[in-house]
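Report on the following structure.
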Amino acid sequence: MDVAYLDYNATAPIRSEVSRAVEPYLRENFANPNSPYRLGQEVRRAVEWAREDVARLVGANNPQEIVFTSSGSEANSAALYGAAWHSLQISGRKKIIVSSVEHDSIREMLPVLSSQGFKIYETQVDSNGLIDCDSLFNAIDEETALVSVMHANNETGVIEPIENIAAYCREKGVLFHSDAVQSAGKIEIKAAAWRVDLLSISGHKLGALKGVGALYVREGVKLFPLISGLQEKRRRGGTENVVGIVSLGEAAKLAFADLSYSSKYLAWQKQIETACLSVEGVTLNGAGAKRLPNTSNFSIEGVDGHSLSIALDLERICVSSGSACAAGLSSPSHVLRAMGLSKNLIKGALRISTGWNTKQEEVSWFIRTFPSAVQKMRSASLVSA
Amino acid sequence: MTQERAVVAMSGGVDSSVAAALLVEQGFETIGVTLQLLPGAPTGFGCCGSPADIADAKAVASRLNISHYVITMDELFEDKVIRPFVESYLRGDTPNPCALCNRFVKFGHLLGLAEAWNAKFLATGHYARVQDGKLYRACDENKDQTYFLYNLGPSELSRLIFPVGELSKPEVRDYARRLGLKTADKPESQEICFIPNRDYRGFVKSHPLSSKIQSALKSGPIKDISGRELGRHQGTVGYTIGQRKGLVSGTPDPKYVVRLDPENQTVIVGEKEETLASLCEVSDMSWSGGRPILEGRAEVRIRHRHMPASSKFLLTESGRVRIHFDSPQRAITPGQSAVLYHGTEVIGGGTIREVLR
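For the protein sequence lines, the chains are A and B, in the order given. Residue numbering for the first sequence follows this note's numbering, beginning at 1 and increasing consecutively. Residue numbering for the second sequence follows this note's numbering, beginning at 1001 and increasing consecutively.
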């Protein structure tokens, strides 16, 4: 074991089957999938197989409901901007409802949409990070174009009741989008059965390559395309990222099969949480909510999570003090703030997340190291503001 | 044998870049850290932790193949450095913020983190030397920074390394060039890192504390020692003892600031001789050896680049140290530090509180 990698919510190692699956597309199968000759047809087949695997992972009715993108962020943009701009052209509805714990890729769009005349309504969460469905439902009106609520939170792993929200939105004739980047491959997703209209996933979190994602677009839902072009049925222009798409298909297939092994993740989660919570002044965030089996987010009293994550890194343990952030800088978590945590508990947050290639020895090494690292941080003569 | 671990504070300047390189050369497991001290990652230049400086530090770390982390300490910096800086100006003093930053931020909090990270040493790019737990002036007398480091006691000094303290600035730049470090020809940083445009008055004025204490920012008279009004000023903040420029025109002899009285919104000026004094009192004394020295002789530096002047000192009952210079010194300034030397060794220092005449 070189390092204990326990930050799968940031990214996952590439699965070996994925590396093997993409090989031909790095070499002889280079053709444009849109070309009519047989070389092109062969590549087209691979893209469509991948579409089927992704469709199965997210519970689509039909593979044609999957649009490949460059990332989860692009899928989110395609959904929000796409739905908003389409609504502007057709229905004129201008209200967009999101939760206060969405990923930054969603949050960064809000001021843009706002400046374009959209009215943004943010629904609050309770102390467990769970969205208040009643106030969300009350906020839905005739002006509402879209509701977007993430499936599972990237920081806490808290699972939102999107099935209820999706059903309500359908009843009211309002589009519902869910960012499922963190839940895909970790828990079951049934986009069609749950009546979700739009759903984003990302490849690299599943063990595919970075640079590929997908958006589930329920049949019949119209979006304004972010990138014009004939590909992906005019829903997303640009020659298909074949290597990325093949990697996503392969990873989706493997992740779908892995869903039946969630007991493995639950066992590690239990080990991790038992060990961390036995250290004084450590609390589990979102403890009262249903959470992903791979994610644990702790607040450690009297400790700065970022400094602690460096201490752990120096012991060859990769964990996160929040969400992975730009330039290695950490900013206070908006998710924990929305849950009403005190400033100090937000500063003291640490996220541990396991995944497809986690080994027991990695979990054990973390469990052995964590208490002494916390102890060292607490006993060091630090200066506080 | 396992390597000893050392943390090096990398500002993104050439001195700390070379400090990091020298640690690597000396065989340490070197961990680079850049402190982000101002909130909201300012896009300006020359501030500790501006994006450009962080990028430079990262580039050097990657060239040296060492780990590098960015740590945000903006709240601590505001609390321990910026607020006292503003308070000092509002009081009519002239602060020495670098000494506070060194004491609380670099050799306070960061040294504590280094300890928590199991590092044996903390290094910075300061020009100073540590030998056997004692602090000495740098070899390059022009660059010596002990004026900002006098707050360090034995428990800190035993864990500090100043790798460039033995070198001159040109040697540091040469070394950086030889290693191909990006920062080799980077210009010197600003006098005060958080006010890159040097507009101290504007900075103090825009600080939230100033809204409560307005008198130091109000215009008022410039008077001579006898109380005769010679002109007007735009607020005592921004003036410093001994200052000549920007005062009054049309007087036969140049005038110098002798004293600031923000409470009465007055700047008092006088002839050059009137800025001279032989006696001052210093508070918040820190002793490099850990134990206070009751009395003795020392060479005392009263501002950066001031030639240390011979004096007697005495620890008074109030805890302050009274310093009596052998010959009168020009512009002894409250808020500035007084640093006591025996030759090149720093024996302690504190903050000048009062000038006695």
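Even for Gly, the Cβ is constructed at its ideal location relative to N, Cα and C. This structure is a prediction, so every number in the text was calculated from the model and none was measured.
* Using the beta-carbon of each residue, which ones in chain A are nearer than 8 Å to B:Gly1112? -> Neighbours of B:Gly1112 across chain A, judged by C-beta separation under 8 Å: Ala380, Ser381, Leu382 and Val383.
* Asked: Between the stretch 299-310 of chain A and chain B, which residues of the former have CB atoms less than 8 Å from a CB of the latter, in chain order?
  -> Legend: CB atoms of the stretch 299-310 of chain A lying less than 8 Å from CB atoms of chain B belong to residues His306, Ser307 and Ile310.
* Asked: Mind checking if A:Leu312 is an interface residue toward chain B, Cβ cutoff 7 Å exclusive?
  -> no
* How big is the Cα-Cα spacing for B:Ala1009 and A:Met339? -> 35 Å
* Round the Cβ separation of A:Met150 and A:Ser178 to the nearest angstrom and send it over; I've been treating them as touching at under 8 Å. => 6 Å
* Asked: Looking at C-beta atoms only, is the number of pairs between the stretch 333-347 of chain A and the stretch 356-363 of chain A that lie closer than 8 Å three or more?
  -> no
* Using the beta-carbon count (16 or more within 10 Å), is A:Asn285 buried or exposed? -> It is buried - the Cβ of A:Asn285 has at least 16 other Cβ atoms within 10 Å.
* Interface partners of A:Met377 on chain B, CB under 7 Å -> Ala1116
* Asked: Can you tell me the Cα-Cα spacing of A:Gln271 and A:Asp2, whole angstroms?
  -> 21 Å
* Asked: Does the separation of the CB atoms of A:Ser99 and A:Ile131 fall below 7 Å?
  -> In this structure, A:Ile131 lies closer than 7 Å to A:Ser99 by Cβ.
* Closer than 7 Å, CB to CB, is B:Leu1100 near chain A or not? -> no
* Beta-carbon separation (whole angstroms), A:Ile165 vs A:Val147, contact threshold 8 Å -> 7 Å
* Asked: Can you tell me whether DSSP reads B:Tyr1239 as helix, strand or coil?
  -> coil
* Asked: When the distance is taken between beta carbons, is A:Ile106 closer than 7 Å to A:Asn76?
  -> yes
* Measure the Cβ-Cβ separation of B:Leu941 and B:Ile1082 and say whether it is below 7 Å. => In this structure chain B extends from 1001 to 1357, so residue 941 of chain B is not present and cannot be described.
* Quick one: which chain A residues come within Cβ less than 9 Å of B:Lys1080? -> Val383 and Ala385
* Do you know offhand how far B:Phe1121's Cα is from A:Ile367's? -> 27 Å
* Best match in A:Leu80, A:Ala275 and A:Leu206 for proximity to A:Val58 [C-alpha to C-alpha] -> A:Leu206
* Please report the residue range of the beta strand (DSSP E) in which B:Trp1287 lies. => Per DSSP, the continuous beta strand (DSSP E) segment holding B:Trp1287 begins and ends at Leu1276 to Trp1287.
* Asked: To which residues of the same chain is B:Glu1229 closer than 8 Å at the C-beta, ignoring the five residues directly before and after it?
  -> Pro1221, Ile1222 and Lys1223
* What residues from chain A crowd round B:Leu1076, counting only those whose CB sits closer than 8 Å? -> Val383, Ser384 and Ala385
* From A:Arg56 to A:Val282, what does the alpha carbon distance come to, in whole angstroms? -> 39 Å
* **Exposure of A:Phe30, with buried meaning 16 or more beta-carbon neighbours within 10 Å** => Exposed.
* What's the C-alpha gap between B:Glu1188 and B:Leu1217? -> 31 Å
* **A:Asn294 and A:Thr354 closer than 7 Å at C-beta** => yes
* Asked: Closer than 7 Å, CB to CB, is B:His1233 near chain A or not?
  -> no
* **DSSP-derived helix/strand/coil call for B:Gly1357** => Going by the sequence as given, residue 1357 of chain B is Arg instead of Gly. In this structure, B:Arg1357 counts as coil in the three-state DSSP scheme.
* To do: Determine, using beta-carbon pairs with one atom in the stretch 1258-1266 of chain B and one in the stretch 1298-1315 of chain B, whether at least three such pairs fall under 8 Å.
  => They do not touch, by the three-pair rule.
* Extent of the continuous alpha helix (DSSP H) to which A:His86 belongs -> Note, A:His86: alpha helix (DSSP H), Gly72 to Ile90.
* Leaving out five residues on either side along the sequence, give the residues of the same chain with a beta carbon under 7 Å from the beta carbon of B:Leu1111. => Leu1122, Glu1156 and Arg1159
* Apart from the five residues just before and just after A:Ser393, which ones in its own chain have a Cβ nearer than 7 Å to its Cβ? -> Nothing about residue 393 of chain A can be reported from this structure: the residues present for chain A run from 1 to 385 only.
* As assigned by DSSP and simplified to three states, the class of B:Ser1210 -> helix
* **Min CB distance A:Ala324 to chain B below 7 Å** => Reliability of the predicted coordinates at A:Ala324 is poor, the pLDDT of 48 falling under 50, and the value obtained from them is presented with this limitation in mind. Chain B, which has no Cβ nearer than 7 Å to the Cβ of A:Ala324, makes this no.
* Over what stretch of residues does the alpha helix (DSSP H) that includes A:His334 continue unbroken? -> Under the DSSP assignment, A:His334 falls in the alpha helix (DSSP H) whose first and last residues are His334 to Ala338.
* **Burial state of B:Gln1131, where buried means 16 or more other Cβ atoms lie within 10 Å** => Counting Cβ neighbours within 10 Å, B:Gln1131 comes out exposed, since fewer than 16 surround it.
* Asked: With a Cβ-Cβ cutoff of 7 Å, do A:Ala208 and A:Val18 count as a contact?
  -> yes
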